[in-house]
Amino acid sequence: MRRKRVMVIGPSRCGKTTLVRALDDDDRPLRRTPDMIYGKRTMDCPGSYVENADMYKHLIAASQDASHVLVLVDQSRPIDIYSPNFAQVFTKPVIGVITKVDLMPKNEESCLRQLKLIGIEEPIFKVSVPNGVGIKELKNYLFGPAEIEDNKGGK
50 MRRKRVMVIG PSRCGKTTLV RALDDDDRPL RRTPDMIYGK RTMDCPGSYV
100 ENADMYKHLI AASQDASHVL VLVDQSRPID IYSPNFAQVF TKPVIGVITK
150 VDLMPKNEES CLRQLKLIGI EEPIFKVSVP NGVGIKELKN YLFGPAEIED
200 NKGGK
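With positions in the sequence shown counted from 1, the corresponding number in my numbering is that position plus 49.
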């Protein structure tokens with residue numbers, strides 16, 4: 050049986066790959082993601098998949114291999130990219146993640162409003178990968194504390 054991964058989607062430059070690296074405990078250098086990249090525990094979807102409604106079918110198909118879908122909104126530039134009730138197309142739990150929470154705090158309400166419009170109520174995680182904000186809580190929610198401790202030990 051294939052291992053289920055967490056699918057991470059969002060517009061270009063919203064912090065998807067940075068978050069994926071943190072969730073996978075991967076410290077390799079960042080690079081643009083032109084195609085879907087399967088990590089240890091994640092699926093990193095290109096921003097173009099959510100920026101172009103014709104690509105939604107690929108997101109829906111790929112989500113069949115996911116345990117959860119993380120929908121990212123960038124607090125530093127909360128653009129309305131998602132269709133209303135976008136989250137309803139997935140059969141997996143959909144979790145809202147506000148990225149770059151250390152930047153532009155005045156945009157937090159706009160991000161929360163956007164997540165609600167696309168059909169995400171709770172849980173919503175607020176993260177800043179460079180500052181380590183919210184990452185441990187998100188990992189605990191997705192993977193449980195036992196798996197996180199195992200990965201620290203190199204097992």
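Each residue gets a CB set at the ideal place from its N, CA and C atoms; glycine is no exception.
When Cys-63, Met-56 and Gly-59 are compared, the shortest CA-CA separation from Leu-152 is found for Cys-63. Assignment of Lys-175 by DSSP, reduced to helix, strand and coil, places it in the strand class. The alpha-carbon separation between Val-143 and Arg-162 amounts to approximately 16 Å.
Assignment of Leu-191 by DSSP, reduced to helix, strand and coil, places it in the helix class.
Around the C-beta of Arg-90, 16 or more other C-beta atoms lie within 10 Å, and the residue is accordingly described as buried.
Annotated as proximal: Val-69 and Asp-93, with beta-carbon spacing under 8 Å. C-alpha of Val-150 to C-alpha of Glu-157: approximately 8 Å in a straight line.
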